[in-house]
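Heads up: the structure comes next, in structure tokens.
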Amino acid sequence: MKKTSSIKHSNGLTQADLCKAKIDWDEQGQPFSEQFEDVYFNTDSGIDESRFVFIEPSHLQERWQKHKGSFTLVETGFGTGLNFLLTWLEWITFQRSRQTVDSSTNKSQQSNHLHFISIEKYPLDKEQLAQALKLFPQLKDVGEQLIALYPLLITGFHSLQFEHYNLTLTLVFDDVRHALPQLKGPVDAWFLDGFAPSKNPEMWTSELYSTMAQLSREDTSVATFTAAGDVRRGLQGNGFKLNKVPGLGMKREIMHGTFIQSQGPLPNKFENMKPWLNPPSKAIKKVAIIGAGIAGCTTAHALARRGIAVTIFDGNGIATEASGNPQGAMYAKLAAGDATHSDIYVQGYLQALRWLHHHLEIGDGWDNCGLIQLASTEKETLRQQKFIENTDYPEQLLHLLTKEEASAISGLNMDNGGLFFPQAGWVSPLRLCQELTKHPLITLQQERITELTESESENEDQAEIKQWQLNQYTGYSHVIIACANQSQQLLPNSYLPTKSIRGQLTYLEQSAMKGAEIPLKTVLCGKGYIAPANNGSYCLGASYNIRDDETEMRLTDHQKNLNYLDDFGQEFQQLHQELNNQNAPEFPGRTGFRCTTPDYLPMAGPLVDEGTFDEEFTAVRKNLARYPRHEAKFHSGLYVNIGHGSRGLTSAPLCAELIAAYLCEENFPLAKEHAEALLPNRFLIREMVRNKR
Ligand code: SAM
Numbered sequence: 004m005k006k007t008s009s010i011k012h013s014n015g016l017t018q019a020d021l022c023k024a025k026i027d028w029d030e031q032g033q034p035f036s037e038q039f040e041d042v043y044f045n046t047d048s049g050i051d052e053s054r055f056v057f058i059e060p061s062h063l064q065e066r067w068q069k070h071k072g073s074f075t076l077v078e079t080g081f082g083t084g085l086n087f088l089l090t091w092l093e094w095i096t097f098q099r100s101r102q103t104v105d106s107s108t109n110k111s112q113q114s115n116h117l118h119f120i121s122i123e124k125y126p127l128d129k130e131q132l133a134q135a136l137k138l139f140p141q142l143k144d145v146g147e148q149l150i151a152l153y154p155l156l157i158t159g160f161h162s163l164q165f166e167h168y169n170l171t172l173t174l175v176f177d178d179v180r181h182a183l184p185q186l187k188g189p190v191d192a193w194f195l196d197g198f199a200p201s202k203n204p205e206m207w208t209s210e211l212y213s214t215m216a217q218l219s220r221e222d223t224s225v226a227t228f229t230a231a232g233d234v235r236r237g238l239q240g241n242g243f244k245l246n247k248v249p250g251l252g253m254k255r256e257i258m259h260g261t262f263i264q265s266q267g268p269l270p271n272k273f274e275n276m277k278p279w280l281n282p283p284s285k286a287i288k289k290v291a292i293i294g295a296g297i298a299g300c301t302t303a304h305a306l307a308r309r310g311i312a313v314t315i316f317d318g319n320g321i322a323t324e325a326s327g328n329p330q331g332a333m334y335a336k337l338a339a340g341d342a343t344h345s346d347i348y349v350q351g352y353l354q355a356l357r358w359l360h361h362h363l364e365i366g367d368g369w370d371n372c373g374l375i376q377l378a379s380t381e382k383e384t385l386r387q388q389k390f391i392e393n394t395d396y397p398e399q400l401l402h403l404l405t406k407e408e409a410s411a412i413s414g415l416n417m418d419n420g421g422l423f424f425p426q427a428g429w430v431s432p433l434r435l436c437q438e439l440t441k442h443p444l445i446t447l448q449q450e451r452i453t454e455l456t457e458s459e460s461e462n463e464d465q466a467e468i469k470q471w472q473l474n475q476y477t478g479y480s481h482v483i484i485a486c487a488n489q490s491q492q493l494l495p496n497s498y499l500p501t502k503s504i505r506g507q508l509t510y511l512e513q514s515a516m517k518g519a520e521i522p523l524k525t526v527l528c529g530k531g532y533i534a535p536a537n538n539g540s541y542c543l544g545a546s547y548n549i550r551d552d553e554t555e556m557r558l559t560d561h562q563k564n565l566n567y568l569d570d571f572g573q574e575f576q577q578l579h580q581e582l583n584n585q586n587a588p589e590f591p592g593r594t595g596f597r598c599t600t601p602d603y604l605p606m607a608g609p610l611v612d613e614g615t616f617d618e619e620f621t622a623v624r625k626n627l628a629r630y631p632r633h634e635a636k637f638h639s640g641l642y643v644n645i646g647h648g649s650r651g652l653t654s655a656p657l658c659a660e661l662i663a664a665y666l667c668e669e670n671f672p673l674a675k676e677h678a679e680a681l682l683p684n685r686f687l688i689r690e691m692v693r694n695k696r
């Protein structure tokens, strides 16, 4: 039964509205869409047709030779991924040819990254995808890699990295009508698939063509299997110059062409993109990251993977502050009623899982042992039930457990059920940071940065460029501030309202326990959290102290942590009593400081120049929608990635991909509205709108 979602999405399909593809498989195993009463492809000639209609007319190889940076291809209708897999093979051929050409070729002028974005309203699930791809044994190798990373059917953006190929597939499970305006652009090539206009008139609309024009640049290509008059007129009317050619064999005609900016609609860049979202482009010369915690190390890795050398500065080395906890709980804590928040954390969680599986062996710094968010109070039980009633997430993401089920899964005698995240678990941020920073393009400089200054110098063409100096280190074109609460000292007078919240952990060593070992099998979260024993000790935490910068551990906080044990079943309740009876107990543990924001979302993005913005965009005080349609002034090449609170393990990989997308001028790994929700500038704008400054 479909559920009606009370979670409001400003855009797009709700999770409850997302329908899986309904497929009829014929005797040859060919998939037929029940929703559209049409075949996905022709089994005999599917590959030839896909090449003939989409790949060849787009002249991809030739264009990759000349296109600098990241090349973005957008497809409407992912279906079985046939076009994607064939494009991937084409990309592999191109990369091989790059390796064999003589050294006189300037490789920096060629494409170094392929971003294939595909939008799908009725996604196949993993099993259906695997079944469909069995029909193409010649695509087995890439097909299996796709199947391995293929996401759960959850609305929104899923950015999958095929690291060895410099290839990103962003799957957007949504209607083209909602998803397309959520892309940042620019798009270099369009594959217009999506069943025949006669069978699917809702997709082939005038808005589709005008949004395509807004996202295109000069010579962006378009290829489609249809030559229907409405489609031709729609594209031509929006600046696409088209050729109509006969289809393969006896098939109907097809079209391909290119976008001619001067013949298209007037670009209304700032209509679709808030001026404070996208900074002007800047050549990358030298990149510094301040802070070697989870935010800094993930960002360094996302950049290094794109071929960019980075230096991370940190006075204490890798993962020493809040990221130094031995076992952090990694899951998506979701807020019923706030779609933006939930969407970002679900996407962050799925991205983090992909990173963890890629970078760490299970048992070496992480364990996907599952996590139960316990319903220890009536209020929490009702909240969880309401949340499940109002959403329709797949069971593999989360589902409710009864008390008995929670006991069986955790291995303990629980008093309550809860919400179970079967793929979640615990992570050692240190191990993850160590692995991520092993990349040869990452250098760690053990030095605390206390001064960050901007200066101007001239480049070879005598153009003035802004540079950053970090203490005595000069010449940085780009700086990413990822040092949590210490960011405030580097950005005095800034509008970034971070708050430091002290957290103390208690380690319960198995050797010091009198009773039998407690056989905890999953992470448990109640008011606090506890993870299964690692290296002979349970990690229990964490206290929550606002306006408290005491670094020493306190017995009172250990006792507060011990109170959390009462949520974690009878075995831990008994342990709590035994520990209470001890005289002057001492516990090992550690203290860290979370860096939080008022809306509990991190800040990941560029920074506008506050003073100029205040003056030039003062109109937003009266009406946000009337913002001036011109460029905002940004701090050149300066970004922050902070405010992850206690959820950095979940949010940092996605934010790292976002920061890397800004620097490398790639399309975002998430919806534009979500990039906006993560912008540090949001707090400045909120203050202006509320006339608080
Ligand atoms: N490109 C695919 C391939 O290579 O296998 C085949 C695509 S299939 C012919 C068309 C796809 O478009 C279907 O999977 C369908 O669900 C999807 N589709 C149709 N209308 C859509 C819409 N409005 N938004 C997003 N996807 C849509």
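Numbering (my numbering), first residue to last: 4 to 696. The beta-carbon is built from N, C-alpha and C at its ideal position, and this holds for glycine as well.
- Annotation: Asn-694 is outside any alpha helix (DSSP H) and is labelled neither H nor E by DSSP.
- One thing to note: Trp-429 has its Cβ within 8 Å of the Cβ of Ala-534.
- Beta-bridge partners of Ala-332 (DSSP): Trp-429.
- The secondary-structure analysis by DSSP pairs Pro-34 across a beta bridge with Trp-28.
- Using a Cβ distance threshold of 8 Å, Glu-78 and Asp-222 do not count as a contacting pair.
- Judged by their CB atoms, Gln-185 and Asn-271 are not nearer to each other than the 8 Å cut-off.
- Contact annotation: Leu-172 and Leu-183 have beta-carbon atoms that are not nearer than 8 Å.
- Between Leu-16 and Phe-44, the C-beta gap is not smaller than 8 Å, which leaves the two residues out of contact.
- According to DSSP, residue pairing for Met-258 in a beta bridge involves Thr-227, Lys-247.
- Nearest Cα to Thr-501 within the set Gln-513, Ala-487, Thr-509: Ala-487.
- Closest in C-alpha terms to Asn-548, from the list Arg-557, Glu-668, Ser-540, comes Arg-557.
- Taking a cut-off of 8 Å on C-beta distances, the region 261-275 does not touch the region 454-464, as fewer than three cross pairs fall below it.
- When secondary structure is reduced to three states using DSSP, Thr-302 falls in the helix class.
- Note that the region 18-30 touches the region 127-139; at least 3 beta-carbon pairs, one per stretch, sit closer than 8 Å.
- Boundaries of the beta strand (DSSP E) around Glu-459: 455-461.
- Between the region 610-627 and the region 299-313, the count of C-beta pairs closer than 8 Å stays below three; the two stretches do not touch.
- Annotation for Val-313: the continuous beta strand (DSSP E) segment containing it runs 313-316.
- Of the other Cβ atoms in all chains shown, 16 or more fall within 10 Å of the Cβ of Arg-54; this residue is therefore buried.
- DSSP places Ser-514 within a helical segment (H, G or I) once states are collapsed to three.
- Nearest to Glu-59 by alpha-carbon distance, out of Ala-663, Ala-409, Trp-193, is Trp-193.
- In this chain, the beta strand (DSSP E) harbouring Gln-472 covers 467-473.
- Taking the Cα positions, Met-691 is about 51 Å away from Ala-133.
- A direct Cα-to-Cα measurement between Leu-356 and Met-333 gives close to 9 Å.
- In this structure, the ligand SAM has no non-hydrogen atom nearer than 7 Å to the beta-carbon of Asp-47.
- In the same chain as Lys-469, and ignoring 5 residues on each side of it, the C-beta atoms closer than 7 Å to its own belong to Glu-457, Glu-459, Ser-639, Gly-640, in chain order.
- His-361 carries a helical assignment under DSSP once its states are collapsed to helix, strand and coil.
- For Gln-426, the CB contacts under 8 Å within the same chain, skipping 5 residues up- and downstream, are Leu-356, Asn-371, Gly-373, Gln-399, Leu-400 in chain order.
- The residues Glu-205, Met-206, Thr-208, Glu-210, Leu-211, in chain order, have a CB closer than 8 Å to that of Arg-180 in the same chain once the five nearest residues on each side in sequence are set aside.
- In the structure shown, Pro-140 adopts helical secondary structure according to DSSP, grouped into three states.
- If you draw a straight line from the Cα of Lys-441 to the Cα of His-362, it is about 11 Å long.
- DSSP places Ile-150 in the helix class (H, G or I) of the three-state scheme.
- Distance from Phe-198 to Phe-39 at the Cβ level is roughly 4 Å; contact confirmed, criterion being Cβ atoms closer than 8 Å.
- Distance check between Ile-391 and each of Ile-365, Phe-423, Ala-409 places Phe-423 closest, using alpha-carbon atoms only.
- The three-state secondary structure of Ser-503, taken from DSSP, is strand.
- Tyr-567 and Leu-511 have their C-alpha atoms spaced approximately 13 Å apart.
- In the structure shown, Cys-486 falls within a coil segment according to DSSP collapsed to helix, strand and coil.
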